[in-house]
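Residue numbers (the numbering used here): 3 to 362. Remarks on the structure that follows.
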Ligand SMILES: *Cc1c(COP(=O)(O)O)cnc(C)c1O
């Protein structure tokens, strides 16, 4: 058996050491005589798995005590609706920043519930930059400000946390969570689908300041109400137990890499190397303003798109999988999340150099 370097944007590569550990524990977790999948979520064994995972996540992100961590289902996409339902309170408007496809989806969903004020957009640049913060038209009466720190499709990433004063800042961190240190106390809420940097699909993390819980509109379904899940330690109904367990193994693995400082340095080195290969040739191009280039998702195009198919086919032969770009951007996209080893990026860069030489 040989594993490929999988550059998929999500579900994405997971650390091999973690998959091995999970497979060793598959039939019999810690002498329980059953798989984690088969355990009651209310039993002692799973409770210990669940609380260890939360504790490790709190350590990794230095989550302050006045924040709840919720382990939910429904994906980041479900949060697009849950956020206005829970956070509008008696306000009628919320601020959104539009930096790409995921921002747009969040905006479209929020429009069902409130007046959406798009405070800044980079759409006219083709989403290749972040609008200058000083130009944002923030509304001091907004219920919250929503933004997408890393746009998975465009490969655009904020290198700072916007200061929204007293208005809670809400971040869709699906494709950047745990990739580098972040100050959680600057946010009202952070959420992320798990399948990029955390674990298997089916789990959604919500990290939310306690004072923002309990203000949901009356029509909010119980399952979408943060209070329901906060009051029940994410066990109001059956949580995604196996994904929760697996995420816990990933948290342990990140801690073993030196936490977010350690993994952040590795991620910076990996992305620097790949962008250097792109910029160092006139065969490849990445359109994103250098300052805002993503450390996680690196889209690039070939000088001649007629060569795309050959590039993908030859890459696959070298064990470099899933490099095809998103249909809206074209070309290639290399997603290099935490679990992509440096060796994977090195192999990709070597292949890119070779391919450029042969086809120039
Ligand atoms: C993948 C992704 C989503 C969608 O996540 P689901 O869990 O599939 O709903 C939302 N936002 C961003 C930034 C993403 O990368």
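Ideal Cβ placement from N, Cα and C applies to all residues, glycine included. What you are looking at is a predicted structure, and each value in this text was computed from that prediction instead of being measured.
For residue 69, the enclosing beta strand (DSSP E) starts and ends at 69-74. Between residue 252 and residue 17, the C-beta gap is smaller than 9 Å, which places the two residues in contact.
Per DSSP, reduced to three states, the secondary structure at residue 301 is strand. Taken through DSSP and simplified to helix, strand or coil, residue 322 comes out as strand.
A distance below 6 Å between beta-carbons, with the five flanking residues on each side excluded, links residue 33 to no residue of its chain.
Within a 10 Å sphere around the beta-carbon of residue 179 sit 16 or more other beta-carbons, which makes this residue buried. Only residues of its own chain outside the window of five on either side were considered, and among them none has a CB closer than 6 Å to the CB of residue 184. Spatial neighbours of residue 301 in its own chain (CB-CB distance under 6 Å, excluding positions within 5 residues in sequence) are listed in chain order as 157, 327, 331 and 335. The beta carbon of residue 62 lies closer than 7 Å to those of 180, 253, 256, 257, 261 and 262 in the same chain, with the five residues before and after it left out. Here the stretch 91-104 makes contact with the stretch 119-127; the two share three or more CB pairs at distances below 8 Å.
Taken through DSSP and simplified to helix, strand or coil, residue 99 comes out as strand. Inter-residue distance for residue 168 and residue 67 is about 19 Å (C-alpha atoms, whole angstroms). Each residue's CA atom was taken as its position, placing residue 43 and residue 240 some 7 Å apart. When Cβ pairs closer than 8 Å are counted between the two stretches, the stretch 271-289 is seen to touch the stretch 301-311, the count reaching three or more. In this structure, DSSP gives residue 184 a state outside helix and strand, which the three-state scheme calls coil. Residue 348 and residue 21 have their C-alpha atoms roughly 22 Å apart. Approximately 7 Å separates the beta-carbon atoms of residue 294 and residue 161; this is inside 8 Å, confirming the contact. A direct Cα-Cα distance of roughly 11 Å separates residue 210 from residue 73.
Sequence-distant partners of residue 355 (beyond 5 residues in either direction) whose C-beta falls short of 7 Å from its own C-beta, in its chain, are 279. Taking 8 Å as the upper bound for CB-CB distance, residue 205 and residue 245 are in contact here, some 4 Å apart. Looking at the DSSP output, residue 195 shares a beta bridge with 206. Our two residues, residue 317 and residue 350, have alpha carbons roughly 8 Å apart in a direct line. Per DSSP, residue 79 is one residue of the alpha helix (DSSP H) stretching across 77-89. Under DSSP, the beta-bridge partners assigned to residue 335 are 301.
Around the Cβ of residue 292, a 10 Å sphere holds fewer than 16 other Cβ atoms; the residue is exposed. In this structure, residue 131 has its CB at a distance of at least 8 Å from all heavy atoms of ligand 1. When secondary structure is reduced to three states using DSSP, residue 129 falls in the coil class, being assigned neither helix nor strand. Residue 238 and residue 315 have their C-alpha atoms some 47 Å from each other. In this structure, residue 223 keeps its C-beta atom at 9 Å or more from the C-beta atom of residue 7. Within the model, the alpha-carbon separation for residue 217 versus residue 189 is close to 17 Å. Going by beta carbons, residue 201 and residue 248 fall inside the 9 Å limit.
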